[in-house]
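**Q**
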Amino acid sequence: MKLTRSALACALLFASIGTAPAAFAQAWSYKDAAKPYAGTSIRVLDEITPLQETMKTLVPQFTAETGIKVEYELLNHFEVINKGQADMLSRRGYYDGVMLHGVQFGQMLAANAVEPIDTYMKDKALMNPGLDLKDLIQPSFDTLSKFKGQTFGFLNWNYNFVYWARADLLNDAGEKTAFKAKYGYELAPAKTFQQFLDIGEFFTRKAGTNLAGVPLKTDFYGILHEGISGGATLNSVWENIMKNYGADLFDAAGAPSFNTPQTVAALTYWAKMWKYSPPGQAEYSLVDVPTVMGNGIAAQSLAFSDFVLGIDKPGASPYAGKFTYAAVPSNPDFKGLRSAGGEPSAVVINKASKNKAATYLFLQWMIEKDTQKKLIEAGKGGVPIRTSSFAMPEFGGSQAAFYTAMKDTMAAMKAKPKVPKIFELYDALGPIVQQVGLGKITPADAAKLGQDKMLAICKKCTL
Amino acid sequence: MSTLTLGAYKRRFSDTAWYPYALVAPALLVLVLVSLVPFCYAAWLSFHSVEYGQVGEWNGWDNYLKLIQNDRFWNSLSVAGIFMLIAVPLEFLLGLGGALVLNQRVWGRSAWLPLLFIPSMMAPIVVGLLWKIMLAGSWGLLSHNVIERFGMLPGTSIFASSDHALIALALVDVWQWTPFMMLAFFAGRQALPMSPYRAAAVDGANAFQTFFRLTLPLLTPLLVVIGMLRFIDAFKIFDSIFILTSGGPGVSTESPSILAYKMTFEQWRIGESAALAVLVWLAFFVLCNVFFQVAKKRLNAF
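Quick mapping for you: the protein sequence lines, in order, are chains A and B.
Here the numbering used here = 1-based position in the first sequence + 10.
Here the numbering used here = 1-based position in the second sequence + 3.
#1: Assuming B/Ile136 and B/Leu144 are in contact, meaning their beta carbons sit under 8 Å apart, how far apart are those beta carbons, in whole angstroms?
#2: Return the CA-CA distance between A/Leu180 and A/Ala198, expressed in angstroms with no decimal places.
#3: Could you have a look at A/Ala175 and say whether DSSP puts it in helix, strand or coil?
#4: Taking A/Pro354 as the reference, give the member of A/Gln95, A/Val54, A/Arg396 with the closest Cα.
#5: Can at least three beta-carbon pairs, one atom from the region 415-429 of chain A and one from the region 100-115 of chain A, be found at a separation below 8 Å?
#6: Mapping DSSP to helix, strand and coil, what is A/Arg215?
#7: Along chain A, which residues have their Cβ under 7 Å away from the Cβ of B/Thr248?
#8: For the 8 Å Cβ check, are there 3 or more pairs between the region 141-157 of chain A and the region 259-274 of chain A?
#9: A/Ala350 and A/Asn170 look like a contact to me (Cβ under 8 Å); what is the Cβ gap, rounded to whole Å?
#10: So, at 7 Å on beta carbons, what are the nonlocal neighbours of A/Ala19 in its own chain, with the 5 sequence-adjacent residues on each side left out?
#11: Report the residue from B/Ala28, B/Leu36, B/Val58 whose alpha carbon sits nearest the alpha carbon of B/Trp271.
#12: Is any beta-carbon of chain A found at less than 7 Å from that of B/Asp74?
#13: Taking the CB atoms as reference points, tell me whether A/Tyr105 and A/Asn365 lie closer together than 7 Å.
#14: Relative to the C-alpha of B/Ala173, which residue among B/Met185, B/Tyr24, B/Met197, B/Leu93 is closest?
#15: Give the straight-line distance between the Cα atoms of A/Gly194 and A/Asp97, rounded to the nearest whole angstrom.
#16: Exposed or buried, B/Trp180, counting other C-beta atoms within 10 Å across all chains shown (16 or more means buried)?
#17: Assuming A/Gln444 contacts B/Pro252 under a Cβ cut-off of 8 Å, what Cβ separation, rounded to an integer in Å, is found between them?
#18: Look at the Cβ atom of A/Glu404, then the Cβ atom of A/Tyr286, and state whether they are nearer than 7 Å.
#19: Could you check where the alpha helix (DSSP H) with B/Leu290 kicks off and where it finishes?
#20: Taking DSSP's pairing of strands, which residues face B/Val82 in a bridge?
#21: Which first and last residues belong to the alpha helix (DSSP H) in which A/Pro354 is found?
#22: Measuring only the C-alpha atoms, how far is A/Ala421 from A/Gln148?
#23: Under a CB-based cut-off of 7 Å, is A/Gly290 close to chain B?
#24: Express the C-alpha separation of A/Lys79 and A/Glu378 in angstroms, rounding to a whole number.
#25: So if I threshold CB-CB distances at 9 Å, which residues from the region 416-429 of chain A count as touching chain B?
#26: Going by DSSP, which residues form a beta bridge with A/Ala336?
#27: In whole angstroms, give me the CA-to-CA distance for B/Leu26 and B/Leu36.
#28: Do the CB positions of A/Asn305 and B/Trp134 come within less than 7 Å of each other?
#29: Quick one, which of A/Pro453, A/Leu99, A/Gly103 has its alpha-carbon nearest A/Ala121's?
#30: Can you say whether B/Ser164 is buried or exposed, counting buried as having 16 or more other CB atoms within 10 angstroms of its CB?
#31: Please name the residue in A/Met283, A/Ala48, A/Lys186, A/Phe164 whose C-alpha comes closest to that of A/Trp375.
#32: Give me the residue from B/Asn292, B/Ser123, B/Val293, B/Leu282 with the minimum Cα distance to B/Leu48.
#33: For A/Lys470 and A/Asp261, I'd like the C-alpha separation in whole angstroms.
#34: Measuring straight from C-alpha to C-alpha, what distance separates A/Asp298 and A/Phe203?
#35: With DSSP collapsed to three states, give me the class of A/Lys158.
#36: Could you list which residues in chain A have their beta carbon closer than 7 Å to that of B/Thr159, in chain order?
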């Protein structure tokens with residue numbers, strides 16, 4: 011009997027220990043946490059894409075739960091950068107929260123314009139113990155938000171590149187036979203850089219020749235890529251190509267390291283890609299790439315996945331449903347860590363905000379599992395920031411290949427290093443990289459010129 | 004008696020040297036507030052280091068030195084110069100020619116004259132988007148159906164070619180602003196007195212003589228003012244370049260406005276961009292003054 015009683019006591023003790031966090035998590039609520047801030051109004055500036063437009067439809071639920079009014083303003087990419095940064099740097103504090111892409115972090119941290127959130131995360135009244143930060147996708151979250159022992163936000167948007175190709179062409183029996191005869195291996199979505207080039211070469215055809223058994227009315231191209239001198243061209247060249255050759259913009263000490271044999275090799279590959287590209291590639295921005303791909307004049311591309319979502323849906327393109335996806339191809343000759351391009355981004359608390367705690371609650375609510383679930387359900391998919399989200403039914407079925415590609419990319423995707431003068435560096439290197447693609451400058455000369463330009467801007471570039 | 008005194012006072016004030024200044028004072032005050040104050044602030048900023056929007060120490064001529072040592076600055080001036088030299092003379096000649104044609108009794112003139120307003124009324128951003136739809140490589144209406152189909156630019160597109168992009172941008176400007184020039188010159192031509200033309204007809208002057216001896220001299224003040232305004236406006240070109248090429252390929256279409264935008268809003272080099280603004284303003288101040296003096300003395304335009 012004694013034994014039974016002891017066993018029961020032990021069982022109860024274990025049960026209570028085991029359920030304690032869960033019970034506390036249940037006890038914590040946004041309603042209670044927000045009581046001191048009920049009636050407060052906060053302004054949050056974010057970028058306008060379908061993801062944020064869906065989030066905007068959920069924001070009233072936060073207000074209903076907390077009593078905190080949120081003016082969730084959505085502007086286009088450039089306006090968010092201009093208006094958000096200007097407000098943060100001016101210390102006016104008009105916006106309480108501002109979305110920053112990873113690339114902006116260095117500049118804003120150097121200006122001491124971002125509020126660390128560690129204090130709020132340690133505050134039991136504010137921090138939801140059930141938030142489960144370990145579920146946020148890595149290495150995006152850590153490389154984006156954590157810096158020198160502090161946390162400067164969560165992970166809100168996880169923009170990423172995917173390999174995007176025409177499945178109807180890759181699966182065409184005649185094309186498969188011809189490809190195998192020419193290259194000696196099966197035609198399938200490219201996994202390596204060499205395969206990417208081979209497929210590019212194979213499908214680059216003149217008007218009048220056949221494509222999948224049908225005569226082409228206009229020229230057709232094997233590779234489509236952003237090529238404008240601004241935009242995200244350099245981003246992709248840096249993270250999707252250079253890093254997979256062991257090249258980087260900066261060395262371990264943060265000094266410019268553009269003039270290396272690895273960079274020359276990567277730029278040589280980049281120049282080869284242009285041989286199989288449409289003539290207008292140098293003017294294509296990240297918005298043009300999906301448009302052109304949707305027009306059906308190219309076989310494969312590297313593109314931001316959230317833009318792909320806008321094309322591969324019924325009614326958006328005659329080729330919707332005929333695409334396939336994979337992770338960004340890699341370079342098997344490079345034995346280091348694989349890299350894939352993207353732009354992890356976070357809404358941060360403006361240092362000049364007068365409503366930091368209320369803003370923190372909103373940022374935390376944005377990344378809650380429940381909010382993310384609703385976001386994905388309302389958007390019928392999206393770009394996950396939580397690993398657990400990939401298990402949702404929205405990411406399976408006909409879209410499984412797309413989301414598998416996305417997941418694979420995210421596994422190799424890091425945020426940018428914190429470089430205060432990154433936009434100056436982009437502005438200096440962008441035109442050079444573009445000129446390599448256009449064949450106006452050799453990769454070796456570009457590497458040397460780029461290094462000189464970088465050194466003129468900063469000797470040690472990272473924070 | 005009191006009425007007389009008040010009348011005398013009024014006359015005395017209108018006779019004083021202050022009277023004209025009092026009349027222009029409101030306009031001058033607005034001009035100072037909206038134009039000179041920001042310019043003076045920019046000039047003040049150009050002599051300071053400005054880090055992340057925070058004004059720092061006085062740094063003398065540093066920003067100017069950095070700017071004149073920057074090859075992108077000189078490139079942008081050259082881009083603006085070439086752009087102006089292509090666009091404005093074409094707009095001027097086509098506008099003047101069109102105005103003379105309009106001045107004839109063209110069939111249905113009053114019906115289709117308002118259509119000429121359309122390009123000038125469009126927001127520059129819309130003009131940029133319109134021409135992107137027309138000329139974008141591989142999918143633009145003209146690019147796809149004409150330029151690429153007939154192999155007019157093998158291996159490249161208009162805005163992807165550093166040899167053609169700037170010319171194309173200048174032609175977009177011509178498309179937008181020629182109708183405005185045409186309408187302005189047409190209005191000027193309509194306002195000219197008829198008697199000299201009647202006298203010329205009696206004297207047996209032919210069309211060329213009438214144009215070069217009458218129309219052109221009489222229109223000169225208008226032509227000079229409109230031409231000068233278009234030169235200034237063309238130098239400031241921003242929107243269509245921003246939409247169509249972002250300054251590329253390379254930096255072949257990077258105008259001073261595009262460069263200043265990048266320096267200010269992307270890179271936060273506010274001291275240097277303020278120096279750029281001051282230098283451009285000074286250059287225009289000098290050029291416009293020279294232009295004004297020449298127009299006044301040689302062309303009797305003012």
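Using N, Cα and C, we set each Cβ at its ideal position, and we do this for glycine too.
Note that the structure is predicted; figures quoted are calculated from it, not measured.
**A** Based on what the coordinates show:
#1: 6 Å
#2: Those two C-alpha atoms are separated by around 6 Å.
#3: strand
#4: A/Arg396
#5: yes
#6: strand
#7: For B/Thr248, the neighbours in chain A by C-beta distance under 7 Å run, in chain order, Glu293.
#8: no
#9: Contact between A/Ala350 and A/Asn170 holds, since their C-beta atoms are separated by about 7 Å, short of 8 Å.
#10: Unreliable placement is indicated for A/Ala19, whose pLDDT of 47 sits below 50; the coordinate value is still reported in the next sentence. Excluding positions up to five away in sequence, the list is empty.
#11: B/Val58
#12: no
#13: no
#14: B/Leu93
#15: Between A/Gly194 and A/Asp97, the C-alpha separation is close to 57 Å.
#16: buried
#17: 6 Å
#18: Contact flag unset, no.
#19: Taken as a continuous stretch (DSSP letters only), the alpha helix (DSSP H) holding B/Leu290 covers 273-300.
#20: Answer is none; B/Val82 lacks a bridge partner.
#21: No alpha helix (DSSP H) holds A/Pro354; the beta strand (DSSP E) holding it covers 352-360.
#22: 7 Å
#23: Closer than 7 Å to some Cβ of chain B, the Cβ of A/Gly290 qualifies, so yes.
#24: 18 Å
#25: none
#26: A/Tyr173
#27: 17 Å
#28: Their beta carbons are not under 7 Å apart, which means A/Asn305 does not touch B/Trp134 by this criterion.
#29: It is A/Leu99.
#30: buried
#31: A/Phe164
#32: B/Leu282
#33: 9 Å
#34: 23 Å
#35: coil
#36: Pro289
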